[in-house]
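A.B. asks:
Protein chains in written order, with the numbering used here: chain A, 732 to 1008; chain B, 221 to 629.
(1) Please report the distance separating the alpha-carbon of residue 245(B) from that of residue 278(B).
(2) Beta-carbon within less than 6 Å of residue 303(B)'s beta-carbon, same chain only, minus the 5 sequence neighbours each way: which residues are those?
(3) Taking the C-alpha atoms as reference points, what is the distance between residue 590(B) and residue 500(B)?
(4) Against chain B, which members of the segment 827-852 of chain A pass a CB distance test of less than 9 Å?
(5) Please state whether the Cβ-Cβ distance between residue 565(B) and residue 464(B) is less than 8 Å.
(6) Spatial neighbours of residue 518(B) within its chain, please: C-beta separation below 7 Å, excluding the five flanking residues on both sides.
(7) In the DSSP assignment, the alpha helix (DSSP H) including residue 840(A) goes from what residue to what residue?
(8) Would you be able to state if there are at least three C-beta pairs under 8 Å between the segment 781-799 of chain A and the segment 921-928 of chain A?
(9) Can you look up residue 407(B) in the DSSP assignment and give me helix, strand or coil?
(10) Using C-beta distances below 8 Å, list every residue in its chain close to residue 747(A), excluding the 5 sequence neighbours before and after it, in chain order.
(11) Quick check on DSSP: helix, strand or coil for residue 301(B)?
(12) Distance check for residue 512(B) and residue 291(B), CA to CA, integer angstroms please.
(13) Roughly how many angstroms lie between the CA atoms of residue 225(B) and residue 381(B), to the nearest whole one?
(14) Please list, in chain order, the chain B residues whose beta carbon lies closer than 9 Å to that of residue 734(A).
(15) Give me the Cα-Cα distance between residue 319(B) and residue 825(A), rounded to the nearest whole angstrom.
(16) Shorter than 8 Å from the beta carbon of residue 308(B) to some beta carbon of chain A?
(17) Could you check whether residue 569(B) and residue 531(B) sit closer than 8 Å to each other, using their CB atoms as the reference points?
(18) Which one of 307(B), 447(B) and 542(B) has the shortest CA to CA distance from residue 581(B)?
(19) Taking any Cβ of chain A, which residues in the segment 256-286 of chain B have a Cβ under 8 Å from it, in chain order?
(20) For residue 314(B) and chain A, any beta-carbon pair shorter than 8 Å?
(21) Tell me the rounded alpha-carbon separation between residue 775(A) and residue 834(A).
(22) From residue 778(A) to residue 940(A), what distance separates their C-alpha atoms?
(23) Might you give, ordered along the chain, the residues of its own chain that have their beta carbon closer than 8 Å to the beta carbon of residue 764(A), omitting 5 neighbours on each side?
(24) Kindly identify the DSSP beta-bridge partner or partners of residue 441(B).
(25) At the level of alpha carbons, what is the spacing between residue 987(A) and residue 902(A)?
(26) Please classify residue 544(B) as buried or exposed, where buried requires at least 16 other C-beta atoms within 10 Å of its C-beta.
(27) Straight-line CA distance for residue 866(A) to residue 295(B)?
(28) For chain B, find out if any of its Cβ atoms is closer than 8 Å to the Cβ of residue 889(A); answer yes or no.
(29) Just checking: is the beta-carbon of residue 604(B) within a distance shorter than 8 Å of some beta-carbon in chain E?
(30) So is residue 359(B) in contact with chain A if we call contact Cβ pairs under 8 Å?
(31) Are there 16 or more other CB atoms within 10 angstroms of the CB of residue 411(B), so buried, or fewer, so exposed?
(32) Taking C-beta pairs closer than 9 Å, name the residues in chain A that residue 318(B) reaches, listed in chain order.
(33) Which of helix, strand or coil does DSSP assign to residue 732(A)?
(34) Should residue 350(B) be flagged as near chain A, meaning a C-beta pair shorter than 8 Å?
(35) So, at 8 Å on beta carbons, what are the nonlocal neighbours of residue 236(B) in its own chain, with the 5 sequence-adjacent residues on each side left out?
(36) Could you tell me if residue 840(A) is buried or exposed, where buried requires 16 or more neighbouring beta carbons within 10 angstroms of its beta carbon?
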């Protein structure tokens, strides 16, 4: 029989903690799926337009930029591909990154009530957050594919790498999310700061406009790690090359150990969160 | 099946729950508590090796609790609201970490702390069985296999596909319990969840618990002393985080619990001013709890000193005995000829030979009514309390003295 010990001191090594975290992720896969199904069903059951809402958000953002660009209100540098596709792919990829950053905090927050009553593998909350994100994103990706074909870009072999690139984005976002969740559970300020910060960061990331050829913005955007994520992911859909593939790979390689660290930090923080939040 | 039994017997003597010097502190102030939380997050990363002392605005919610539980044993955890019972349960369940001491739990832990966790009100009862089951740690196959049993146990065949938000609270609890009852835990932690629901449901819960008990180490928190005395074979009485009584004498723990509520304040409900109660005395000695005490079958004598201000004759005097749960247990009827009551002070003595109440603490209430039209003149609650001593712990209010005759035909 399994023996559990609860005490103040913990002598478990990082590797042991990581092992039990990964074990819980595996053993709670049904719970994660069930939570996802529950939330998606509940979200759409009490709604007439249902899945349509998943399309509306990225579409409106994209339309705003298409409008601003089309009417000449703002002058954007040439993106190399039809602007609507550029803008829509950018907002879509951006929404996946922000979604992934917010997912751990929001799914942990929504389970606050049961966390203080029942002991279950909290890792399932993270996984269920990722599932929900994947579900929402897949609907938007369908829409993006429509754009790609309508604007005559057509099928690219690199598209096969697109799902992989998306998973990379989610890994990146969830890693950040895991580190902010414990503090975010204690203070509501954290969620507000992240929300505001991300809005600002979007403007130094080539989401709806390309990197300028020169100037300060060129430097800022080139050093922004999110630039590599956005551009490389977009490359896979549009078949372009932006030269940020290696930075993307480096970011991913850094994320993998950081994500493990995040999982351990999250796991260790849960009792404190349950007690205080 | 045999194999399972062997397995259980083999481990029968194993201590499943071992709690050693467990302490937990909480913070009285939210903002300070959050800040301590941030500090704890980081000391957590460094292994928490330092001893934890009280920081400003903190208090011990649980202090230095130790016990052991084996399979088949049940520990009753009683005490006032805020005594630290639920905190202790949360630590046992691994939800929060102790600040000192150690808990070692062996086997699968089940907790009946909240029923129906994970229910989504919009979804149907059937869908929510899966949600709740998943959180309790069941696999899909297990729930599939037990689905019909769960629905039948909850007696919700007719409404199982209705959204849970349209369920009555009793139906929700029934469904939640039906899912939880499928657990086969080695250690079961029960908080005051069984208090809700109708009588039929409560009986069903106890049947389930009785079935689980032989193979389970149980920790049972309740404010219902009859339930505690029925199930538990060990007891811990807590007060402000500290263990006041701990031991196998469940009855003693329960008595101590009740004396904490023994308020000696007499409470005048009604008084029309025609008669005044000056003094109340039970003719018995006072014990160290400050209560009059009598042995079972002693003669009971109650003295009421009254000051008659405006009555011509002795009114109807009714004294009622309440038990510690404020249930009416008995009333005295008096044989008394219609005597005149003089103005001023008189002593009224009520005498009852061989009082056969079972052991426990009782309180008395007094009602004085006008003899002719039965209108109330005075009503006073809790005029006096007393304790009856006897060796036997029983839940019936009376132990009636009797003889057994054996006749051979």
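A virtual CB, placed ideally from N, CA and C, is assigned to each residue, including glycine. Quick caveat, the model's predicted, so the values are computed rather than measured.
C.D. replies: Based on what the coordinates show:
(1) In the second chain, residue 245(B) corresponds to position 25, counting from 1. In the second chain, residue 278(B) corresponds to position 58, counting from 1. Those two C-alpha atoms are separated by around 6 Å.
(2) In the second chain, the residue the question calls residue 303(B) occupies position 83. 458 and 459.
(3) Looking up residue 590(B) in the second chain gives position 370. Looking up residue 500(B) in the second chain gives position 280. Computed Cα separation, rounded: 20 Å.
(4) If the cut-off is 9 Å between Cβ atoms, the segment 827-852 of chain A has 842, 844, 845, 846, 847, 848, 849, 850, 851 and 852 near chain B.
(5) Mapped onto the second chain, residue 565(B) falls at position 345. Mapped onto the second chain, residue 464(B) falls at position 244. No, the pair does not count as a contact, with Cβ atoms beyond the cut-off.
(6) Numbered from 1 along the second chain, position 298 holds the residue referred to as residue 518(B). Closer than 7 Å at Cβ, skipping near neighbours: 575.
(7) The sequence position of residue 840(A) within the first chain is 109, counting from 1. Residue 840(A) -> alpha helix (DSSP H) spans 814-841.
(8) Touching, no, given that fewer than three Cβ pairs across the two stretches are closer than 8 Å.
(9) As a position in the second chain, residue 407(B) is number 187, starting the count at 1. Note: residue 407(B) maps to strand in three-state DSSP.
(10) Taking the first residue of the first chain as position 1, residue 747(A) is located at position 16. Here residue 747(A) has no same chain residue with a Cβ atom under 8 Å from its own Cβ, once five neighbours each way along the sequence are excluded.
(11) If you number the second chain from 1, residue 301(B) lands on position 81. If DSSP states are grouped into helix, strand and coil, residue 301(B) belongs with coil.
(12) As a working mapping, residue 291(B) is identified with position 71 in the second chain. As a working mapping, residue 512(B) is identified with position 292 in the second chain. About 41 Å.
(13) By one-based count along the second chain, residue 225(B) stands at place 5. By one-based count along the second chain, residue 381(B) stands at place 161. In this predicted model, residue 225(B) has a pLDDT of only 45, less than 50, meaning its place in the structure is not dependable enough to derive any value.
(14) The sequence position of residue 734(A) within the first chain is 3, counting from 1. By Cβ distance, chain B contributes 324, 325, 326 and 327.
(15) Numbered from 1 along the second chain, position 99 holds the residue referred to as residue 319(B). Numbered from 1 along the first chain, position 94 holds the residue referred to as residue 825(A). If you take the alpha carbons of residue 319(B) and residue 825(A), they lie about 43 Å apart.
(16) Taking the first residue of the second chain as position 1, residue 308(B) is located at position 88. Not closer than 8 Å to any Cβ of chain A, the Cβ of residue 308(B) fails to qualify, so no.
(17) Here residue 531(B) refers to the residue found at position 311 of the second chain. Here residue 569(B) refers to the residue found at position 349 of the second chain. At the C-beta level, residue 531(B) and residue 569(B) stay beyond 8 Å of one another.
(18) The residue labelled residue 581(B) in the question sits at position 361 within the second chain. That would be 542(B), whose Cα lies nearest to the Cα of residue 581(B).
(19) Listed by position, the residues of the segment 256-286 of chain B near chain A (Cβ gap below 8 Å) are 256, 257, 258, 260, 261, 264, 265, 267, 268, 269 and 272.
(20) Sequence index remark: in the second chain, residue 314(B) carries index 94 (1-based). The Cβ of residue 314(B) sits closer than 8 Å to at least one Cβ of chain A.
(21) Here the question's residue 775(A) lines up with position 44 in the first chain. Here the question's residue 834(A) lines up with position 103 in the first chain. In a straight line, the C-alpha of residue 775(A) is about 19 Å away from that of residue 834(A).
(22) The count along the first chain starts at 1 and reaches residue 778(A) at position 47. The count along the first chain starts at 1 and reaches residue 940(A) at position 209. So the two alpha carbons sit approximately 35 Å from each other.
(23) Along the first chain, read from residue 1 onward, the residue named residue 764(A) stands at position 33. Here the set comprises 859 and 862.
(24) The residue given as residue 441(B) occupies position 221 in the second chain. According to DSSP, which records beta bridges pairwise, residue 441(B) is partnered with 297(B).
(25) Translated into positions along the first chain, residue 987(A) becomes position 256. Translated into positions along the first chain, residue 902(A) becomes position 171. CA-CA distance, residue 987(A) to residue 902(A), rounds to 8 Å.
(26) Taking the first residue of the second chain as position 1, residue 544(B) is located at position 324. For residue 544(B), the number of other beta carbons within 10 angstroms of its own is at least 16, and it is reported as buried.
(27) In the first chain, residue 866(A) corresponds to position 135, counting from 1. In the second chain, residue 295(B) corresponds to position 75, counting from 1. Rounded to whole angstroms, the separation of the alpha carbons of residue 295(B) and residue 866(A) is 47 Å.
(28) The residue labelled residue 889(A) in the question sits at position 158 within the first chain. Closer than 8 Å: no.
(29) As a matter of chain content, chain E is missing from the structure shown, whose protein chains are A and B.
(30) Along the second chain, read from residue 1 onward, the residue named residue 359(B) stands at position 139. At a cut-off of 8 Å, the C-beta of residue 359(B) has a neighbouring C-beta in chain A.
(31) As a position in the second chain, residue 411(B) is number 191, starting the count at 1. Buried, since its Cβ has 16 or more Cβ neighbours within 10 Å.
(32) Taking the first residue of the second chain as position 1, residue 318(B) is located at position 98. For residue 318(B), the chain A residues whose C-beta falls within less than 9 Å of its own C-beta are 737, 738 and 739, listed in chain order.
(33) Sequence index remark: in the first chain, residue 732(A) carries index 1 (1-based). Residue 732(A) falls in the coil class under three-state DSSP.
(34) Position 130 of the second chain, counting from 1, holds the residue named residue 350(B). With 8 Å as the cut-off, residue 350(B) counts as an interface residue toward chain A.
(35) For the purposes of this step, residue 236(B) is taken as residue 16 along the second chain, with counting starting at 1. Within its own chain, the residues whose Cβ lies closer than 8 Å to the Cβ of residue 236(B), once the five positions on either side in sequence are excluded, are 289, 290, 291, 325, 326, 327, 406, 407 and 437, listed in chain order.
(36) The residue labelled residue 840(A) in the question sits at position 109 within the first chain. So residue 840(A) ends up on the buried side.
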